[in-house]
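Colleague: With numbering that gives the first Met the number 0, you'll find the sequence shown wraps up at 102, consecutive numbering, no jumps. Below you will find the structure I want to go over with you.
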Amino acid sequence: MNTKKRSAQEILEEITGGPLTLHGLIEALRLCEEMSQTAFAKQLKISPSHLCDIEKGRKIVSPERAVRFAKILGHSPEQFLQLALQSQVDQAKLKYKVKLEAV
0 MNTKKRSAQE
10 ILEEITGGPL
20 TLHGLIEALR
30 LCEEMSQTAF
40 AKQLKISPSH
50 LCDIEKGRKI
60 VSPERAVRFA
70 KILGHSPEQF
80 LQLALQSQVD
90 QAKLKYKVKL
100 EAV
């Protein structure tokens, strides 16, 4: 029996079959709350079409906006920030993994 504790991120990556992305996390949170894109977008203070573009990975979320979304949703700003920065690195096709350290 494997008794190693897994992080929520590891579990989500197993479920989604790949690395966790900010757009995937945002969509998963919305679906877990059983909210429409319209209602969730209103909560985030963005348009439903912008939320759709974020969820589909067509729009990259800025680091500042990622932290704001995390605070609105009551989740870890560090995780949202790390995922937002990773999206920018991935979009630039750079082979790096982003890790944050609080100062």
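No residue lacks a Cβ here, since even glycine has one placed at the ideal position from N, Cα and C. If you're wondering where the values come from, they're calculated on a predicted model, not measured in any experiment.
Whether or not the region 32-50 and the region 83-96 are in contact is what I'm after, with contact meaning three or more pairs of Cβ atoms, one per stretch, closer than 8 Å; do they touch?
Modeller: no
Colleague: What residues in its chain sit with their C-beta under 8 Å from that of Y95, if we drop five residues either side in the sequence?
Modeller: V88
Colleague: Please report the straight-line C-alpha distance between G56 and E26, rounded to a whole angstrom.
Modeller: Cα to Cα, G56 sits roughly 10 Å from E26.
Colleague: Closest to L21 by C-alpha separation, out of E13, S35, Q8 and V102, would be which residue?
Modeller: Q8
Colleague: Our contact map puts E63 next to L99 with C-beta atoms below 8 Å; I'd like the distance itself, whole angstroms only.
Modeller: Separation of the CB atoms of E63 and L99 is rounded to 15 Å, and the pair is thereby denied contact status at 8 Å.
Colleague: How close, in whole Å, do the beta carbons of L80 and A65 come, if the pair is a contact with beta carbons under 8 Å?
Modeller: 5 Å
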